[in-house]
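Novice:
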Ligand code: SF4
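In this note's numbering, the protein residues as written are 174 to 390.
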């Protein structure tokens, strides 16, 4: 199988099995195609479980769901609403600050990697998520799951998510970019887990470098 056919097979297989995985919180929010909400929910989601992110996002958007209203929330009130997410104090400060900047820019979220990275608290993963799920642009958000799965499959041999993103941008045909994050995150959370991957349930064993290596010993 050529590398492209291999990638096409893996993505097609994961799409077929998608219903067996739990959908992450951001996928739901992303359906609205609202870059501001995608950005805020992504900040809330960092180092936080999907269920908590979904619950807190919902509570926050009931009180305020646009840059002006969130920028004007008293810090104490915002912190109290988002308290269940990890690092809520830092996140409250950052969310207010970025909301103020975005409101000052006619409520427009930057739609470039550079523009997004200029907002304090936004890294490449968050920026890619906003570009893909908020603006429907091409990008490859790489978190710990996408990084791990790409390396286990043998698509990349990289040490950091940043290097994985650069390598995936080089080797993966653009038509697969939009699907990759969603599929690999769900797959990584539910099957290809960090500590004990459920290889016995995995439809990709024949295409997995890690599995072949593990079963050779
Ligand atoms: S075979 Fe195991 S390690 Fe390989 S992708 Fe599947 S779950 Fe992950």
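Backbone N, C-alpha and C define an ideal beta-carbon position, used for all residues, glycine too.
Here the structure is a predicted model, which means the values were calculated and not measured.
Between residue 301 and residue 260, what straight-line distance do the alpha-carbon atoms span, to the nearest angstrom?
Specialist: 21 Å
Novice: Which term fits residue 291, buried or exposed, when burial requires 16 or more other beta carbons within 10 angstroms of its beta carbon?
Specialist: exposed
Novice: Would you call residue 206 buried or exposed, if buried means 16 or more other Cβ atoms sit within 10 Å of its Cβ?
Specialist: Exposed, since its Cβ has fewer than 16 Cβ neighbours within 10 Å.
Novice: Among 368, 360, 335 and 234, which one has its Cα closest to the Cα of residue 186?
Specialist: 360
Novice: Just to confirm the assignment: which complete beta strand (DSSP E) runs, minimum length 3, are found wholly within the stretch 219–293?
Specialist: none
Novice: Here's the rule I'm using: 16 or more other beta-carbon atoms within 10 Å means buried, otherwise exposed. How should residue 176 be labelled?
Specialist: exposed
Novice: Nearest to residue 333 by CA position, among 307, 316, 348 and 257, is which residue?
Specialist: Measuring from the Cα of residue 333, the nearest candidate turns out to be 316.
Novice: So residue 309 is in the alpha helix (DSSP H); what residue range does that whole segment cover?
Specialist: Element bounds for residue 309: n/a, residue is neither H nor E.
Novice: Would you call the stretch 207–219 and the stretch 271–286 in contact, with 3 or more CB pairs under 8 Å?
Specialist: yes
Novice: Within the same chain, show all residues whose beta-carbon is closer than 8 Å to that of residue 375, passing over the 5 residues directly before and after it, in chain order.
Specialist: 364, 365, 381 and 384
Novice: At what residue ranges does the stretch 320–390 contain a whole run of the alpha helix (DSSP H), taking only runs of 4 or more?
Specialist: 334–344, 350–363 and 382–387
Novice: Evaluate residue 313 with the Cβ neighbour count: other Cβ atoms within 10 Å of its Cβ, from every protein chain shown; 16 or more gives buried, anything less gives exposed.
Specialist: The residue is buried, with at least 16 neighbouring Cβ atoms inside 10 Å.
Novice: Alpha carbon to alpha carbon, what distance is there between residue 222 and residue 180?
Specialist: Distance between the alpha carbons of residue 180 and residue 222: 28 Å.
Novice: Pull every residue with its beta-carbon under 7 Å away from any heavy atom of the ligand SF4, and keep them in chain order.
Specialist: 322, 325, 326, 364, 365, 370, 371, 372, 375, 377, 378, 381, 383 and 384
Novice: In whole angstroms, give me the CA-to-CA distance for residue 372 and residue 335.
Specialist: Distance between the alpha carbons of residue 372 and residue 335 is about 26 Å.
Novice: Could you check whether residue 357 and residue 303 sit closer than 8 Å to each other, using their CB atoms as the reference points?
Specialist: Not closer than 8 Å, so no.
Novice: Is residue 191 helix, strand or coil when you go by DSSP?
Specialist: helix
Novice: Quick one: Cα of residue 378 to Cα of residue 327, how far?
Specialist: 12 Å
Novice: On the three-state DSSP scale, how would you describe residue 180?
Specialist: helix
Novice: Under the rule that 16 or more other beta-carbon atoms within 10 Å means buried, what is residue 282, buried or exposed?
Specialist: Buried, because 16 or more other Cβ atoms sit within 10 Å of the Cβ of residue 282.
Novice: Assuming contact is defined by CB atoms lying nearer than 8 Å, are residue 299 and residue 257 in contact in what I supplied?
Specialist: no
Novice: Below 8 Å on the Cβ atoms is my contact criterion, and I expect residue 318 with residue 362 to pass it. Report the Cβ-Cβ distance as a whole number of Å.
Specialist: Rounded, the Cβ-Cβ distance is 6 Å, consistent with contact.
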